[in-house]
Amino acid sequence: MPELPEVETVRMGLVPALEGRIITKALVRRADLRRPFPPRFAARLEGQRVLRLTRRAKYILADLSGGETLVIHLGMSGRMAVYAKGQRTKLGNYVYDIGPPVEGRHDHVVLETDAPARIVYTDHRRFGLMALVETAALDDDALFAGLGPEPLSPAFNAKMLTAALDGRRTPIKSALLDQRIVVGLGNIYVAEALFRSFISPKRLAGSLKPEQVAALVKASKQVLKDAIAKGGSTLRDHAQATGDPGNFQHHFQVYGRAGKPCLHKGCRGTVKRITQAGRSSFYCPVCQK
DNA sequence: AGGTCAACCTGAGCGC
DNA sequence: TGCGCTCAGGTTGACC
Numbered sequence: 205m206p207e208l209p210e211v212e213t214v215r216m217g218l219v220p221a222l223e224g225r226i227i228t229k230a231l232v233r234r235a236d237l238r239r240p241f242p243p244r245f246a247a248r249l250e251g252q253r254v255l256r257l258t259r260r261a262k263y264i265l266a267d268l269s270g271g272e273t274l275v276i277h278l279g280m281s282g283r284m285a286v287y288a289k290g291q292r293t294k295l296g297n298y299v300y301d302i303g304p305p306v307e308g309r310h311d312h313v314v315l316e317t318d319a320p321a322r323i324v325y326t327d328h329r330r331f332g333l334m335a336l337v338e339t340a341a342l343d344d345d346a347l348f349a350g351l352g353p354e355p356l357s358p359a360f361n362a363k364m365l366t367a368a369l370d371g372r373r374t375p376i377k378s379a380l381l382d383q384r385i386v387v388g389l390g391n392i393y394v395a396e397a398l399f400r401s402f403i404s405p406k407r408l409a410g411s412l413k414p415e416q417v418a419a420l421v422k423a424s425k426q427v428l429k430d431a432i433a434k435g436g437s438t439l440r441d442h443a444q445a446t447g448d449p450g451n452f453q454h455h456f457q458v459y460g461r462a463g464k465p466c467l468h469k470g471c472r473g474t475v476k477r478i479t480q481a482g483r484s485s486f487y488c489p490v491c492q493k
């Protein structure tokens with residue numbers, strides 16, 4: 205599912221239910237996702253107050269009053285949905301109501317807070333993860349050490365990206381997916397950012413001209429901002445914390461548009477789909493060089 | 001060292 | 001109705 209805009213959308217939706225609230229109950233319905241849940245996971249969450257809810261890369265971070273941070277990754281298909289007390293919400297095939305513990309087959313974690321609210325983590329592919337890390341040592345944890353800068357921060361700029369791409373013989377598509385270079389971009393937004401900057405995904409990372417690097421930085425920031433404003437992109441699984449789908453999929457300019465006309469003004473090209481590093485890339489061979 | 005690729009897992013969609 | 005195949009917002013470890 206989620207690249208930065210989807211994770212950020214979910215995080216913002218969780219704030220009213222979690223930030224400043226006490227986790228009154230935690231239910232963990234299986235032993236693992238992509239990795240095992242931490243030992244005594246539910247017990248370490250219950251009674252904790254969530255001091256703040258932030259995001260780093262594609263991880264949601266909940267700093268807890270006891271000094272640990274709950275780290276959540278949504279993998280490819282993870283969702284987190286909030287149900288306020290007394291509110292009935294239809295999500296997929298299931299109807300939830302706070303009170304009776306009715307969950308679907310892939311609802312792996314349920315948190316309740318004194319908001320009051322119930323938060324349900326759903327992930328049918330189980331590529332997500334949850335971890336507990338000492339807040340003070342967060343940056344040193346293996347999950348975060350070595351991550352590149354946040355794409356929407358000033359730390360992600362042309363100078364920095366030029367240095368990171370220097371000498372790299374991997375396609376620019378692969379380089380941008382590498383979270384050690386810059387975090388948050390995934391298959392969709394890399395395609396969109398390259399399209400907006402007229403750069404072919406096949407170009408070797410180290411071969412970009414300075415003005416192309418600058419354009420890529422600018423386009424990356426802009427497409428991520430645009431997508432956040434639309435609640436992210438829903439292909440299949442992404443949902444905002446309300447359960448509603450995102451809207452940015454209606455604004456894709458190349459992703460998923462193979463065989464359709466290039467949308468760049470004056471370009472008569474046709475969008476092409478190729479496979480790079482085992483994943484689909486979409487681009488216009490005519491105007492993306 | 002740097003780069004590519006399969007593996008993790010389930011479900012949806014398609015052709016036959 | 002069902003089977004087999006392909007594909008899907010990510011990350012990682014094994015391999016060249």
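Converting from the first sequence to this note's numbering requires adding 204 to each position, the first position being numbered 1. In this text, a Cβ means the ideal position worked out from N, Cα and C, and glycines have one as well.
Counting only residues of its own chain and dropping the five nearest sequence neighbours on each side, A419 has a CB closer than 7 Å to the CB of S401. Here V313 is near L231, since their CB atoms are less than 8 Å apart. Runs of the beta strand (DSSP E) lying entirely within the segment 209 to 256 and spanning at least 3 residues, in chain order: 227 to 232. Under DSSP, R477 shares a beta bridge with F486. Residue burial annotation: D311 is buried, with at least 16 other C-beta atoms found within 10 angstroms of its C-beta.
Excluding five sequence positions before and after Q480, the CB atoms of its chain that fall closer than 8 Å to its own CB belong to P375, K377, S378, P405, K406, given in chain order. In the structure shown, A445 adopts coil according to DSSP, grouped into three states. With the rule of 3 Cβ pairs closer than 8 Å, the segment 381 to 389 counts as touching the segment 351 to 371.
For G332, the secondary structure class from DSSP, reduced to helix, strand or coil, is coil. The three-state secondary structure of I323, taken from DSSP, is strand. The beta carbons of T228 and T339 sit about 21 Å from each other, so the pair does not count as a contact at 8 Å. Secondary structure note for A423: its alpha helix (DSSP H) is the uninterrupted segment 414 to 433. Contact check between the segment 461 to 474 and the segment 355 to 365: fewer than three CB pairs, one atom from each, fall below 8 Å, which does not count as touching.
Counting along the chain, the unbroken alpha helix (DSSP H) around A379 starts and ends at 376 to 381. A contact between stretches requires three or more CB pairs, one per stretch, nearer than 8 Å, and the segment 436 to 449 meets this requirement with the segment 274 to 291. In this structure, DSSP gives V314 an extended state, which the three-state scheme calls strand. For G410, the secondary structure class from DSSP, reduced to helix, strand or coil, is helix. When DSSP reads this structure, H277 sits in a beta bridge with Y263, L333. For R483 and G251, the gap between their C-alpha atoms comes out near 43 Å. If you look at R400, you'll find it isn't in any beta strand (DSSP E); it sits in the alpha helix (DSSP H) that goes 391 to 400. Taking L257 as reference, the option from V417, A246, L274 with the minimal CA-CA separation is L274.
In this structure, the CA atom of K425 is about 25 Å from the CA atom of T474.
Bounds of the beta strand (DSSP E) holding A288 are 282 to 288. Counting along the chain, T366 sits inside the alpha helix (DSSP H) bounded by residues 362 to 369. Residue pairing by DSSP places T258 opposite L265 in a beta bridge.
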